[in-house]
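Novice:
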Amino acid sequence: MEPHHSNPIQYFNHLKAFYYVALCESFTRAADKLSLSQSTLSIQVQSLEQQLGFPLLKQNKRRVELTEEGNIIFSYAKSVFATLDDLASAADDIRKRKIKIGTTPTLAQYIVPKVIRKLRSGESGLKVHIFTGQSREVIDRIKNYEYHIGIITRCEYPRDLISLPVAKPKLRFVVNDPRLAAAVDMEDLAGYPIILTDPGSVTRDYLLQEFGKRGISIKICAESENAEIVKGMVNLGMGGAFFPAFAVEEDLREGRFREIALPADLCVHIDVVYMKDRKNLTVVRNFVETFKKHNFFR
DNA sequence: TTTGGGCATTGGGGTGCAGT
DNA sequence: ACTGCACCCCAATGCCCAAA
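Position one of the first sequence corresponds to residue 2 (my numbering), numbered consecutively onward.
1. Distance, Cα to Cα, K294 vs S225?
2. Between the Cα of V139 and the Cα atoms of I73, R155, Y77, which residue gives the shortest distance?
3. Please state whether DSSP places V156 in a helix, a strand or coil.
4. Where does E224 fall in DSSP's three states?
5. Closer than 8 Å is the cut-off here; do at least three beta carbon pairs connect the stretch 123-136 with the stretch 195-205?
6. How big is the Cα-Cα spacing for M276 and F292?
7. Indicate the three-state DSSP secondary structure (helix, strand or coil) for V185 in the structure shown.
8. E50: buried (16+ other C-beta within 10 angstroms of its C-beta) or exposed?
9. Just grab the DSSP bridge partners of Y303 for me.
10. So A83 and D278 are in contact, right, with Cβ under 8 Å, and what is the actual spacing, rounded?
11. Does the count of Cβ pairs from the stretch 256-266 and the stretch 164-183 closer than 8 Å reach three?
12. Excluding sequence positions up to five away, which residues of its chain have a Cβ less than 7 Å from the Cβ of L190?
13. Are there 16 or more other CB atoms within 10 angstroms of the CB of G71, so buried, or fewer, so exposed?
14. Throw me the rounded Cβ distance for the A223 and A248 pair, which I believe falls under 8 Å.
15. Between C268 and the rest of its own chain, which residues show a CB-CB distance below 7 Å, the 5 nearest in sequence each way excluded?
16. For Y193, I'd like the list of residues in its chain whose CB is within less than 6 Å of its CB, leaving aside the five on either flank, ordered along the chain.
17. In the DSSP output, what is R259 paired with across the bridge?
18. Determine the direct distance from the alpha carbon of N177 to that of D186, and round the result to whole angstroms.
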C-alpha cells in the first residue's frame, strides 16, 4: 500500500508499540510491559514502518536499535506519550483532588503532618496520600510518576528531577547513659553501641562515611527505620542514636535523654523533589509554594 | 557444536464497520 | 442478513546468532 503523507500515523497502537520497543530496546520486554505478545508488536511495528515508508528499527547483536529515521520518529513519539501522560495525571488530579507524597519515615512522623495541615487550610478537599520509604526508593517512584512530590534526605538525583532545598538539620547524637560526658570526640564513640536506621538509608550511609573517613569503627547494636522504636531503645540505655534536630528537640526539652555534643558538624540536607514535567500541576505548585512560604523545620 | 535468547513469520481466531 | 475489509490479537514455529 502506498504511504500517504497526509495520514502518516493512522494507528495509534502501532506508534505505541514502536515507542515501547524503542524504550525497552527489545520486542520481548516491550510485549511484557504492554501485556501483548511479541509477535503482535513485531507486526504493529512493521505496519508502522510500512505506513511511514522507511524502517524505524534495526537489529544489532542482541539488541534492537533505532535507525536514524527511527530516532526522529521516536522523539515525536516521546512527546506524544509525555503529553498523554500529563493529560492523564492532570485529569486524575482534577478528578480526585489528590496528592501523593513520598517521604522518609522520620520526616513523615515529625514534619509532614504540619505540612499537610497548612496545605489543607489553603485548599480544603485536597486528598493527601503519604507513602514512606528510603529516599532512593521515593525517587524511583517519583520518576515512575507514582508520587507527585518527595520530601527526602538529599542523595543523587536524576537529571529530570527538580529539587528544592528546604532544610539542613544538624544530626544530634543522643543517649541515656550517665557515664558519657556531655561532649566527646568522634573517636570516643569507637566501640560505643549505636542504633542506626536501616541499610540503604541516606543518613545511615552519611554517618558510616563520616566515621569511616576518620578511621573509627562503630558498633551497630540495633537497626530500625522507625524513629520511635530507636528512641525507645535509646531510652532504655541500649545505645546512642543520631537524629535530625527536628526529630528530637521535644524529647531533649522533656529530658527523655540527653544530647552529647560532637566536634564534627554532622548534618543532612532535606529537599522537596518532583519531576520537571510535573512542575505545572496545581497540586505540585501549591505544595512547593507552601514549602517556600513556611519553615516547617522551625 | 550445542544451547538458548530474541525477533519474524505463519496460520488461526476474534471484532466492528460499510456496502450490497 | 451477508460479505468483505481492516484491524485486533495469540500460540507455535522458524531462523539467526552469541555464548557456553
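Backbone N, C-alpha and C define an ideal beta-carbon position, used for all residues, glycine too.
Specialist: Put simply:
1. 33 Å
2. R155
3. Looking at the sequence shown, residue 156 is not Val but Cys. Coil.
4. strand
5. yes
6. 16 Å
7. coil
8. buried
9. One cannot answer for residue 303 here, as it falls past the ends of the chain, which runs 2 to 299.
10. 6 Å
11. yes
12. So the list reads I217, I219, once near-sequence residues are dropped.
13. buried
14. Actually they do not touch by this definition, with Cβ atoms about 17 Å apart.
15. Closer than 7 Å at Cβ, skipping near neighbours: K169, P170, K171, L172.
16. When the five nearest sequence neighbours on each side are left out, no beta carbon in the same chain lies closer than 6 Å to the beta carbon of Y193.
17. V176
18. 17 Å
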